[in-house]
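Here the structure comes first, spelled out in structure tokens, and everything after it is commentary.
2 protein chains.
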Amino acid sequence: MSKGLPKRSEDYSLWYNELVKRADLAENSAVRGCMVIKPYGYSIWEKIQAQLDIMFKETGHSNAYFPLFIPKSYLSKEASHIEGFAKECAVVTHYRLKNSEDGKSVIVDPDAKLEEELIVRPTSETVIWSTYKNWIQSYRDLPLLVNQWANVVRWEMRTRLFLRTSEFLWQEGHTAHATKQEAIDETVQMMNVYAQFAQEFMALPVVKGVKTENERFAGAVDTYCIEAMMQDGKALQAGTSHFLGQNFAKAFDVKFATKEGGLEYVWGTSWGVSTRLMGALIMAHSDDNGLVLPPKLAPIQVVIIPIYRGDAELEILSIKAKEIMAKLKAKGISVKFDNRDTFKPGWKFAEYELKGVPIRIALGPRDLENNSLEIARRDTLTKETIHLDGVILEDYIIGLLDEIQENIYQKAFSFKNEMTTEADTWEEFQSILDNKGGFVSAHWDGTTATEEKIKELSKATIRCIPLDRKEEEGKCILTGQPSSGRVLFARAY
Amino acid sequence: MSKGLPKRSEDYSLWYNELVKRADLAENSAVRGCMVIKPYGYSIWEKIQAQLDIMFKETGHSNAYFPLFIPKSYLSKEASHIEGFAKECAVVTHYRLKNSEDGKSVIVDPDAKLEEELIVRPTSETVIWSTYKNWIQSYRDLPLLVNQWANVVRWEMRTRLFLRTSEFLWQEGHTAHATKQEAIDETVQMMNVYAQFAQEFMALPVVKGVKTENERFAGAVDTYCIEAMMQDGKALQAGTSHFLGQNFAKAFDVKFATKEGGLEYVWGTSWGVSTRLMGALIMAHSDDNGLVLPPKLAPIQVVIIPIYRGDAELEILSIKAKEIMAKLKAKGISVKFDNRDTFKPGWKFAEYELKGVPIRIALGPRDLENNSLEIARRDTLTKETIHLDGVILEDYIIGLLDEIQENIYQKAFSFKNEMTTEADTWEEFQSILDNKGGFVSAHWDGTTATEEKIKELSKATIRCIPLDRKEEEGKCILTGQPSSGRVLFARAY
Ligand SMILES: [Zn+2]
Ligand SMILES: [Zn+2]
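These protein sequence lines are chains A and B, in that order.
Residue 493 is where the first sequence ends in full-length UniProt numbering, and the numbering goes up by one at each step.
Residue 493 is where the second sequence ends in full-length UniProt numbering, and the numbering goes up by one at each step.
As structure tokens, this is what we get:
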């Protein structure tokens, strides 16, 4: 860490980019659009993965792994899938290199051309449903509840670390069911799992809703989603869950023998979240000093920094620090003692602020004398000296971590509410978008034409039709046509 | 599961293929050479991953993620790397599809040709060292201890599930150090981590050794490895750890400022194991009834099968089964109660035998009367009735799981020893390979020419120069030239 970050108020986008790099989260690689996720950033992703994986397994899912490559012909089997899906894909055409004639480099061997090109998976519905055809014969094989953790590639021209990269990491759930209702229930359940994860672990309040036809996943009958609000007033889609109807079952001829002896197409769902969640986590909570991590996803929850002169003092402080570490670790708290003599305390303070460590304990000789500790909170940037007489330190820290988690959530929750505004006229609508930002709750006539016109005029899209919206008579913000309830608009990532 | 497996003694190779498919471990996909790892197989891989990940972190490593794609020019930067490395790689040449003129399919957009082709990573040294150049400036940035869990692609013409597939999953550690000795120590440490994992978790005894120059990883100064013996007398390389010297640092210009103010090239290592371990696990222990899993890697350690007539009986047995499950789960044992009424007990017995579940508990009405259980062991295929009076069931099961783990290891250990034979003449050497198989410990004159000649004549390769070999004067098995110690030959996977 060197000089300060750019300020959010001056250049939010630059602030984000610099924060991601300086906090050692990720960086651009030499390959256009592909990122390197650095160890510190990856350790946050591991915490996200671990918790989601628990929640997927608790809801009955198992992990599996399907091929990276998809035969080109598969992509055109489900008509609306290929129609709607972006065609910016990485295409493998050859399977061998050879030495160049001068021997100094390698070239693609023209004799090693594939008969059918392979597409690096942009999502795996096609390859998975072609596999499910063999896995599903009878109602006894259903439901099939599978998830995959994988890398996917969608060639992007304009990329931003975590938010939009050509290669990203994600999970994709793909389930198959005997009935329509069961598949819909699964779709809604997984949207709820995502919402719960966002709120309880990422401290990120979200709106649950359904996408309009226009914004739906290519090949889905319905797309459910969770939408979050970033500090700059832009929305971010944090997860989607698709009810696929029988579309992929029909495209790949996946039928099952029913209990009653019939033969029916299977009902499907798919659902996913990606390393984009890292972008949401960073943008939702961080400040001009750096990352602010909710304790439940912080790889280091507590850092202890010794304030000392000379090796003798450090040695005495180390004994105390190791005592504290042992106590906290026994309670499952991740704690780091940074006793490096190659950096000064002030540098370390700034470094762990930048990295979003929720609690910093500073420990000097006077603290030993007074049986005290200086404890600083990353979320509020406040610090206080705690006298340890009669205090059970580990309980105090657990309580404080809970308080920080809750405080970060409440702050984001209030912000999201403040940033949700009703608009009843087109002027209001535009003025809110231009001056305040955030979600705009407004009536819409339900047509794709109007939706697209509004997008063209305002750069705002319909983020979702909230599940909890009230029935309310109204008039479309643009056309004045009748509407039975508001939808959420926003400019979005 | 339908009819029985082929027998190992009749067709080992067919037995393996059928076992992998019928035990729901993996299957071939529609994409040539790429496999689908099925949920049950993947759950074993998850246990392998989880334990290795713990061991990597205990030895100070962090995970990170690097791009899937490598610019073609990178591959030729380290001369011996590209020279020695197989060039069977998947090559991405285009980044977009478009609709065909008839609108019925998609074609590769000829306008979307990449300026420089991208190679799907066959291993990541080049892309990682090009990144390390920016991460390493000073001795304070060292050591850099990073691991990556990822998919890699090496185009294979002849593939076998888990053992050789075009795409496979693996981990690759890539570390950078200030001194040669530290890098060598790291290389040896990681070989030892692999050996410990193989022995303690996979119940797989291994030989630790160094590869000959001929068998060394392309770009390495030394390759350490662990070699295991399969039931058909063929060896399998289960993991490798490479001391890279300064080769990649020089190729990618990675220097660091020393404490003393100098500027030096960094020393490197890399090390990896892959889904090939699944093949080793299956082939080392399984029998003609199916998989035999060491308890420490079994996704289901105990299965409870109710033997009943009618719903009322099942209900009573279920109460007891749930009691047992709760007790075992509280001790961290993974247990499944298979109360499906769609399959008969005999079918279930065969199914869990096929899937290698270490302990099967059968529970019938008479067991309730007698306070007993029928407990069957997968490894020995024996069963006994246990009276529960005065027995703490969970302790009994823990003890039995330990015993099974140990028994599987001991069996493999004895087998490996029996299958290691010294040969002192060429005739002996050939006879052992043709009639008995296994490792042949023999003298070799140390030249690549002889090594290759032996391979040509016998199909056996030098698996390694064992680390624990004794100094011993001898004569090369082929040329009669002097040798100072034996090396291990074998036909290998
Ligand atoms: Zn939405
Ligand atoms: Zn070896």
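Quick reminder that beta carbons are idealized off the backbone N, C-alpha and C, glycines included.
Terminal residues of the alpha helix (DSSP H) in which residue i lies
i         : result
Lys87(B)  : Here Lys87(B) belongs to no alpha helix (DSSP H), and DSSP marks it neither H nor E.
Ser274(A) : Careful: Ser274(A) lies outside any alpha helix (DSSP H), inside the beta strand (DSSP E) at 267-274.
Coarse secondary structure for residue i, derived from DSSP in three states
i              : result
residue 498(A) : Past the edges of chain A, shown from 1 to 493, lies residue 498(A), and the structure says nothing about it.
Lys180(B)      : helix
Asn289(B)      : coil
Val193(B)      : helix
Gln410(A)      : helix
Tyr40(A)       : helix
Pro345(A)      : helix
Ser334(B)      : coil
Ile324(A)      : helix
Asp395(B)      : helix
Ala218(B)      : coil
Tyr65(B)       : strand
Val127(B)      : helix
Ser458(B)      : helix
Thr420(A)      : strand
Thr175(A)      : strand
Asn339(B)      : coil
Opening and closing residue of the beta strand (DSSP E) in which residue i lies
i         : result
Gln148(B) : 144-153
Phe489(A) : 486-490
Val254(B) : Segment: none, Val254(B) is in no beta strand (DSSP E) and carries neither H nor E.
Glu472(B) : Glu472(B) -> no beta strand (DSSP E), and no H or E assigned at all.
Ile359(B) : 359-363
Asp222(B) : 222-229
Ile70(A)  : 69-71
Ile386(A) : 383-387
Spatial neighbours of residue i in its chain, beta-carbon cut-off 7 Å, leaving aside the 5 residues before and after
i              : result
Gln430(B)      : Ser458
Ser270(B)      : Glu125, Glu172, Gly173, His174, His242, Leu244
Met1(A)        : Annotation note: pLDDT 43 at Met1(A) (below 50); position unreliable, coordinate value reported separately. The residues are Arg22, Ala350, Glu351, Leu354.
Pro6(A)        : Leu14, Trp15, Glu18
residue 494(B) : Since the displayed chain B opens at 1 and closes at 493, residue 494(B) lies outside it and no answer follows.
Ile404(B)      : Pro295, Pro358, Arg377, Asp379
His61(A)       : Leu145, Val146, Asn147, Gly173
Pro71(A)       : Glu116, Leu118
Contacting residues, own chain, Cβ-Cβ under 6 Å from residue i (five flanking each side not counted)
i         : result
Leu236(A) : Ala228, Met230, Ala280, Tyr493
Lys348(A) : Ile305, Asp338
Ala423(B) : Phe429, Ile432, Val440, Ala442
Whole-angstrom distance between residue j and residue i, CA atom to CA atom
i         : j         : result
Ala112(A) : Arg96(A)  : 6 Å
Pro295(A) : Asp232(B) : 52 Å
Met191(B) : Gln199(B) : 12 Å
Leu163(B) : Leu277(B) : 8 Å
Lys259(A) : Ile136(A) : 14 Å
Ile44(A)  : Met157(A) : 27 Å
Ala203(B) : Tyr74(B)  : 39 Å
Asp338(B) : Pro345(B) : 9 Å
Glu264(B) : His177(B) : 11 Å
Gly474(B) : Pro482(B) : 6 Å
Phe168(B) : Val152(B) : 6 Å
Ser381(A) : Ile465(B) : The sequence as given places Leu at residue 381(A); Ser does not occur at that position. So the alpha carbons of these two residues sit roughly 59 Å apart.
Beta-carbon contacts of residue i that lie in its chain and below 8 Å, excluding the five residues immediately before and after
i         : result
Glu213(A) : Thr448
Ile408(A) : Ala203, His285, Val292, Pro294, Asp379
beta-carbon residue i near ligand 3 non-hydrogen atom, thresh 6 Å
i         : result
Glu456(B) : The ligand content of the structure shown is limited to ligand 1 and ligand 2, which means ligand 3 is not among them.
Practice item. Taking only beta carbons into account, state which residues of the stretch 75-97 of chain B come closer than 7 Å to chain A, listed in chain order. Key: Leu75, Ser76, Ile82, Lys87, Glu88, Cys89, Ala90, Val91, Val92, Thr93, His94, Tyr95, Arg96, Leu97
Review point. Any residues in the stretch 13-39 of chain B with a beta carbon nearer than 7 Å to a beta carbon of chain A? Which ones, in chain order?
Key: Result list: Ser29, Ala30, Val31, Cys34, Val36, Ile37, Lys38, Pro39.
Exercise for review: Select from the stretch 40-66 of chain B all residues with a C-beta closer than 7 Å to any C-beta belonging to chain A, and list them in chain order.
Suggested key: Tyr42, Ser43, Glu46, Ser62, Asn63, Ala64, Tyr65, Phe66
**Study point:** Short-range partners of chain B found in the stretch 119-131 of chain A, where Cβ spacing is below 8 Å
**Key:** Ile119, Val120, Val127, Ser130, Thr131
Check your understanding: What residues from the stretch 142-159 of chain A come within 8 Å of chain B, judged by C-beta to C-beta, listed N to C?
Key -> Val146, Ala150, Asn151, Val153, Trp155
**Study point:** Near-chain B residues of the stretch 331-355 of chain A (beta-carbon distance less than 7 Å), N- to C-terminal order
**Key:** Thr342
**Study point:** Chain-ordered residues of the stretch 162-182 of chain A with a beta carbon less than 8 Å from chain B
**Key:** Listed in sequence order: Glu167, Leu169.
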